[in-house]
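J.:
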Amino acid sequence: MSTALAPPPPAPVAATPPLSVTILTPQPSHSIKEAWTEAQVKDRMLWFKGFRDNKKGGVIFDDKEVLKKQQGVVKDIMLQLGAQLLSGKLAVRLSLPIRLFEPRSLLERIPDAWAYAPTLLAKAAHATEPLDRLQHVMAFVVAGLHFCVGQSKPFNPILGETYQSTFPDGTSVYLEHVQHHPPISAYFVEGPNALFTLSGLCEFEAHLAANTLINAQAGKVTVRFANGSEVHYDMPKFKMHGVVLGERMFEFAGECEFHDVSSDLRGKLDMEGNSSFLGRNHHDDIKGTITSPPTKKGDLDEAQKQKLLMEEDQRRDHRLRGHEECGGKDKRHSTR
């Protein structure tokens with residue numbers, strides 16, 4: 000009788016420790032704001048490829064492909080309208096050939112000028128001093144000016160047309176075409192968490208003066224911040240020279256005025272601040288000033304009284320000095 004041997008018991012297995020998983024979250028090399036700033040600088044450099052600096056001020060458009068499309072268009076318009084156009088007829092009412100247009104509505108193009116709102120208006124909203132706040136608003140306006148310049152014309156929006164968009168930081172943009180003759184569009188821009196708002200009406204006034212097209216935006220722009228402060232400003236004029244003859248040259252002209260309501264600080268951007276008979280303007284020469292309100296109201300009557308007293312003191316001092324120089328005698332009666 001054989002007896003089967005039982006298999007040996009299995010060797011004890013060491014207890015497996017609980018699995019520990021560490022999830023590594025990649026850390027960005029720089030913040031979203033820094034990345035957005037870099038993207039804005041890149042956009043600015045790409046825009047400037049179609050232009051070159053003009054030694055006398057402004058920039059010259061030298062995109063040969065676009066200029067070729069425009070050949071003959073201005074001449075045809077001049078022949079059709081003649082004296083009406085030269086006398087200052089509103090250029091926004093002209094009917095232009097389709098090859099001059101870009102595939103966007105005016106409502107889509109207007110927000111180009113607000114590209115720096117996520118950075119500069121946000122900084123203005125966080126500023127603790129009114130001076131810093133106004134400086135950042137003025138910088139915001141200057142930073143977006145180059146986006147307002149372009150060779151292709153956007154299509155006129157239809158009455159009631161709307162446009163909505165969002166910047167990468169969450170800033171929302173709303174526009175509506177509210178009037179057609181003259182064309183007026185209303186806009187409202189709101190930063191994240193209502194940090195700031197920008198609102199106003201956009202009405203362009205364009206005129207041709209000989210060989211120059213002059214464009215101006217009517218109406219004030221209002222910027223409101225979460226702390227209740229407000230800044231109002233207007234836009235400078237835009238000139239395009241060489242419409243018919245010569246090189247196509249662009250420049251901003253006139254002044255851009257700002258007003259911080261709560262502090263009564265007033266700012267001014269002079270687009271021709273460095274112009275002079277012997278001076279030279281660069282395409283980005285802009286003179287900016289900020290002034291504070293007077294600390295005391297002037298009194299003209301008191302000022303006149305003090306002026307007379309000062310003049311009398313000066314005359315008395317002059318008589319005394321003349322008397323001393325003549326050895327105690329009036330020099331008018333001195334003799335040898």
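Position 289 of the sequence shown, counted from 1, bears residue number 288 in numbering that gives the first Met the number 0, the numbering being contiguous throughout.
Note that the Cβ used here is the ideal one computed from N, Cα and C, for glycine as well.
Bear in mind that the values here come from a model prediction, so they are computed numbers and not experimental data.
His176 bridges to which residues according to DSSP?
T.: Ser184
J.: Check whether the stretch 136-145 touches the stretch 207-215, counting contact only when three or more Cβ pairs, one atom from each stretch, lie closer than 8 angstroms.
T.: no
J.: Specify, as a first and last residue, the run of the alpha helix (DSSP H) that His125 falls within.
T.: 121-125
J.: Helix, strand or coil for Pro202? Go by DSSP, reduced to three states.
T.: The residue asked about is misnamed: residue 202 is Glu in this sequence, not Pro. Reduced to three states, the DSSP call for Glu202 is strand.
J.: Starting from Ala138, trace the alpha helix (DSSP H) both ways and give me its first and last residue.
T.: 129-143
J.: Less than 8 angstroms between the beta carbons of Phe146 and Ala185, yes or no?
T.: no
J.: Should Val188 and His231 be called a contact, given that it needs their Cβ atoms to be closer than 8 angstroms?
T.: no
J.: Going by DSSP, what residues sit across from Asp233 in a beta bridge?
T.: Paired residue(s): none; Asp233 is not in a bridge.
J.: Take Leu207 as the anchor and find which of Leu197, Val242, Thr196, Gly190 has the nearest alpha-carbon.
T.: Val242
J.: How about Asp269 and Glu246: do their beta carbons lie closer than 8 angstroms?
T.: no
J.: Tell me the rounded alpha-carbon separation between Met248 and Ser151.
T.: 15 angstroms
J.: For Phe195, write down the residues that DSSP places opposite it in a beta bridge.
T.: Phe224
J.: Where does the unbroken beta strand (DSSP E) through Leu212 begin, and where does it stop?
T.: That run of the beta strand (DSSP E) goes 211-217.
J.: Given a cut-off of 8 angstroms, decide if Ala124 and Leu340 are closer than it, judged by their beta-carbon atoms.
T.: The chain is shown from 0 up to 335; residue 340 falls before or after that span and cannot be answered.
J.: So what's Met270 in DSSP terms, helix, strand or just coil?
T.: coil
J.: Buried or exposed for Gly169, going by 16 or more other Cβ atoms inside 10 Å?
T.: Looking at its Cβ environment, which holds fewer than 16 other Cβ atoms inside 10 Å, Gly169 is exposed.
J.: Excluding five sequence neighbours on each side, which residues of the same chain lie with their C-beta closer than 8 angstroms to the C-beta of Lys219?
T.: Same-chain partners within the cutoff: Gly199, His231, Tyr232, Asp233.
J.: Does the Cβ of Met239 have 16 or more other Cβ atoms within 10 Å, making it buried, or fewer, making it exposed?
T.: buried
J.: With DSSP as the reference, please indicate the residues paired to Phe146 in a beta bridge.
T.: Residue pairing by DSSP places Phe146 opposite no residue, since no beta bridge is assigned to it.
J.: Near Tyr173, what residues of its chain come up, given a Cβ to Cβ distance below 6 angstroms and the 5 sequence neighbours on each side ignored?
T.: Gln163, Phe187
J.: Run through DSSP, which three-state label would Gly287 get?
T.: strand
J.: Whose CA, out of Gly287, Asn155, Gly190, Lys296, lies closest to the CA of Arg108?
T.: Asn155
J.: Assign Gln105 to buried or exposed, taking buried as 16 or more other Cβ atoms, counted over all protein chains shown, within 10 Å of its Cβ.
T.: One detail in the question is off: residue 105 reads as Leu in this sequence, not Gln. It counts as buried.
J.: Would you report the Cα separation of Ala121 and Val177, rounded to the nearest angstrom?
T.: 28 angstroms
J.: CA-CA distance, Thr288 and Ala302?
T.: 27 angstroms
J.: Going by beta-carbon coordinates alone, are Lys236 and Ala252 separated by less than 8 angstroms?
T.: yes
J.: Please list the terminal residues of the continuous alpha helix (DSSP H) segment that includes Glu107.
T.: 105-108
J.: If we ignore side chains and look at the alpha-carbon of each, how far apart do Glu204 and Arg98 end up?
T.: 23 angstroms
J.: Excluding five sequence neighbours on each side, which residues of the same chain lie with their C-beta closer than 7 angstroms to the C-beta of His179?
T.: Leu158
J.: Check whether the Cβ atoms of Glu250 and Lys267 sit closer than 8 angstroms, and answer yes or no.
T.: no
J.: Please report the straight-line C-alpha distance between Glu347 and Cys201, rounded to a whole angstrom.
T.: Absent from the structure is residue 347, since the part of the chain shown begins at 0 and ends at 335.
J.: Report the rounded CA-to-CA distance for Ala114 versus Thr165, giving the unit in angstroms.
T.: 11 angstroms
J.: Taking only the alpha-carbon atoms, compute the straight-line gap between Arg103 and Ala126 and give it to the nearest angstrom.
T.: Cα-Cα distance, rounded: 36 angstroms.
J.: Return yes when the Cβ of Pro129 is within less than 8 angstroms of the Cβ of Leu264, no when it is not.
T.: yes
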